[in-house]
């Protein structure tokens, strides 16, 4: 039996659409063992999904091992469909538990985008993109004095729907804007004294997606007012990420809960750190 | 008398249009002294420009000091109009020599774009953008084992012309492409072992500008073939920048000269390092 564990992640950080992601210390654990026939069990988050060959962990394990005489056990703390990279983390952990040589490649191929997978595999702050058919990823420095308050609404927002609202064309000035903001964001994530709220501004995805979650703008403004250094969507949403200093983060989390209540959004606020280990495997 | 010195710079690094720049160890020096009336002298590069109140160093010094009873002396090794940030460096040095409190702000306002000015003032690899009317810049890590071979054609390519060919709208996918490549480029500039040639790819400016300098594509391909880790335009061109390891850089420079000759482009190849001091002033 092999057990693998992968952290959650928050992608599309502010201006870094399809590029930047940070791992978060919520975990999914997958055990894979040879058996008589395929069996899937699941505990925790996502355990309401069908426990059959269609389960993502089963699909990945079967693909990696080349047969389906497997027992696959999943235990997850990562909310599903909230923009916290649950499927990339699950795919990475299932690939590793099934003995894949390159779990990042498997998870990136399964998930379609490499940045969540890269954060779940490498841990920390990552930049990732496809170069041809190959995911290329690298860790970038992140200030250990930064933590994250994540607002997790109860509603789900499927990534496919969130992508369908993006425009086909954008002004050249918006493309330039995001490049400039992404530079500032990377400087600020490496050294929190340099982190200005404008570093998380974006003109490529958060605007159009606002229609799917109109309360997001007010919630992010509220997080900044309550002391967050910067705030942005987490992945394709609807979770929202506040980047903040360790000091005062507990208070900010409580304020995040109040903001959700005041805005009439069912959900909770989590205080999370970047996971620096990434994917781990034990036989 | 105050003397200030600022390095050249290469902006628009690959995907980092209007955002990333690196200082280069070619310098402009400006001396400003109170005098009877405005006098301007100039030696070295740019000494063919009119030596009157229209000279950029004079304009900046007069603006900073609030009067024109000044003697302004300029001595420059930075080729003008080649995409090496000569005007940003000159403006920064003139502002500092005239006693400006914030030479970066003066140079960014004069030059219109903050990234060349930031590289000339801060030195090293910088990310810079306007946040409202304010230039915000930060240094980013650069591997000390990287140097630059710069092909400097004899022809000038004014920035205004180079900007006029940019499209007003771009595909959303191109905006995403550049973000992904910029992340890879920053990871590779921080650690040269991570630098892949694709990190310098761009879909926002180099393509349209190719019409102004059709030989650029072949020259960049030649630089890569000759061992450069990555290659891109320098600023708005026509200079081209090859990013390479210290070892073998001399050979690459010589190959750059041969490439220019073979392509029929008059010009020279320089081997330059990132300047890590930035703007310096002595009274």
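Chains as they are written, first to last, in our numbering: chain A, 10 to 292; chain B, 10 to 292. All C-beta atoms, glycine included, are put in the ideal place defined by N, C-alpha and C.
- Message: residue 105 (chain B) and residue 112 (chain B) - do their beta-carbons sit closer together than 8 Å?
- Response: yes
Next item on the list: Kindly list, in the order they appear in chain B, the residues whose Cβ is closer than 7 Å to that of residue 187 (chain A).
Entry: 184, 188
Starting from the Cα of residue 19 (chain A), find the closest Cα among A:262, A:88, A:276 and give me that residue. A:88
- Tell me residue 16 (chain A)'s beta-bridge partners as DSSP assigns them. A:36
Here's a check: name, in chain order, each residue in its chain whose Cβ is nearer than 6 Å to the Cβ of residue 82 (chain A), leaving out the five neighbours to either side.
40, 50
**Asked** If you draw a straight line from the C-alpha of residue 97 (chain A) to the C-alpha of residue 30 (chain A), how long is it?
**Response** 12 Å
Query raised in the report: How about the region 220–233 of chain B and the region 141–149 of chain B: do they share at least three Cβ pairs that are nearer than 8 Å?
Result: no
Taking Cβ-Cβ distances shorter than 8 Å, what residues in chain A pair up with residue 122 (chain B)? Within chain A, no residue comes near residue 122 (chain B); the closest Cβ sits about 10 Å away, beyond 8 Å.
Self-check item: Under 7 Å (Cβ pairs) to chain B, residues found in the region 201–229 of chain A
Solution: 203, 205, 207, 213
Give me, in chain order, the residues of the same chain whose beta-carbon lies closer than 7 Å to that of residue 269 (chain A); leave out the 5 immediate sequence neighbours on both sides. 160, 276, 278
Requested in this report: Run through the region 194–257 of chain A for me and flag every whole alpha helix (DSSP H) of 4 or more residues, listed as ranges in chain order.
Outcome: 215–218, 225–234
* Asked: Hey, out of B:64, B:36, B:239, B:156, whose CA is closest to residue 47 (chain B)'s CA?
  -> B:64
Close beta carbons around residue 219 (chain B), own chain, < 8 Å, minus the five adjacent residues each side | 225, 226
Item checked: Residue-chain proximity (residue 191 (chain A), chain B), Cβ-Cβ < 8 Å -> yes
Problem - Alpha carbon of residue 154 (chain B) to alpha carbon of residue 146 (chain B), nearest angstrom - result: 23 Å
Q | Buried/exposed call for residue 271 (chain B), threshold 16 Cβ in 10 Å | A | exposed
### Query
Touching or not, the region 239–248 of chain B and the region 168–180 of chain B, by the rule of three or more beta carbon pairs under 8 Å?
yes
To the nearest angstrom, report how far apart residue 238 (chain B) and residue 188 (chain B) are at their CA atoms. 20 Å
Inset, instruction - Would you verify that the beta carbon of residue 295 (chain B) is, or is not, closer than 8 Å to some beta carbon of chain A? - result: Chain B is shown only over 10 to 292; residue 295 (chain B) falls outside these bounds and no answer can be derived.
Is the CB-CB distance between residue 52 (chain B) and residue 103 (chain B) below 8 Å? no
Reduced DSSP secondary structure (H/G/I, E/B, other) of residue 186 (chain B) = helix
To which residues does DSSP link residue 280 (chain B) through a beta bridge?
B:158
- prompt: Taking Cβ positions, are residue 91 (chain A) and residue 291 (chain A) nearer each other than 8 Å?
  reply: no
ask   = Below 8 Å, can you find three or more Cβ-Cβ pairs linking the region 201–215 of chain A to the region 24–38 of chain A?
value = yes
- Query: Which one of B:151, B:68, B:59, B:78 has the shortest CA to CA distance from residue 203 (chain B)?
  - Reply: B:151
Closer than 7 Å by C-beta to residue 258 (chain B): which residues in its own chain qualify, once you throw out the five before and the five after it? Chain order, please.
156, 158, 280
Terminal residues of the beta strand (DSSP E) in which residue 69 (chain A) lies
Not the beta strand (DSSP E): residue 69 (chain A) falls in the alpha helix (DSSP H), residues 65–74.
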